[in-house]
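Report on one structure; see the data block that follows.
Take a look at the structure:
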């Protein structure tokens, strides 16, 4: 049986230096990492129990993401961040992806857990590295 991949440690390059955002990003990755523990072999399709567990994790991920996005967008609005609209669109796309993945899980067409984890982790990391990094630079500059 293949070894279970290790959960993705929160990469240092995703640290923005804004504690509230960094803590929320770490929470999102921690929820996401739970997907890897669902199956003894995360490279295979899930059985019904595994699918139900991943659906529960997806609900937790969606809830954590919505809470984070709401707080982040409120902060952007309060600071008149010029990239707010782009951030909101990116947040909506991520949530739409989660809904699509839930549908795939329910109809049996979801990818194995290791691929699901990697795809979502890559998507989250890219968002933090690109969009949230710009936000952090803006916020740090506006505080000075």
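Residue numbers (the working numbering): 54 to 197. The beta carbon of each residue, even a glycine, is placed where N, CA and C say it ideally should be. Keep in mind it's a predicted model, so treat the numbers as computed, not measured.
- DSSP, read as helix, strand or coil, puts residue 107 in helix.
- Taking the CA atoms as reference points, residue 178 sits about 15 Å from residue 70.
- No Cβ-Cβ contact shorter than 8 Å links residue 143 with residue 154.
- Within a 10 Å sphere around the beta-carbon of residue 195 sit fewer than 16 other beta-carbons, which makes this residue exposed.
- Closest by C-alpha distance to residue 73, out of 149, 128, 171 and 191, is 128.
- In terms of Cα proximity to residue 122, the closest of 185, 193, 192 and 191 is 185.
- Counting other Cβ atoms within 10 Å of its Cβ, residue 135 stays below 16 and is therefore classed as exposed.
- Here the C-alpha atom of residue 140 lies approximately 8 Å from the C-alpha atom of residue 126.
- The residue among 146, 63 and 190 with its C-alpha nearest the C-alpha of residue 118 is 146.
- When secondary structure is reduced to three states using DSSP, residue 158 falls in the helix class.
- DSSP places residue 163 outside both helix and strand once states are collapsed to three, so it counts as coil.
- With fewer than 16 other CB atoms across the displayed protein chains lying within 10 angstroms of its CB, residue 112 is exposed.
- Nearest Cα to residue 77 within the set 148, 175, 157 and 114: 114.
- A buried status is given to residue 84, since no fewer than 16 other beta-carbon atoms sit within 10 Å of its beta-carbon.
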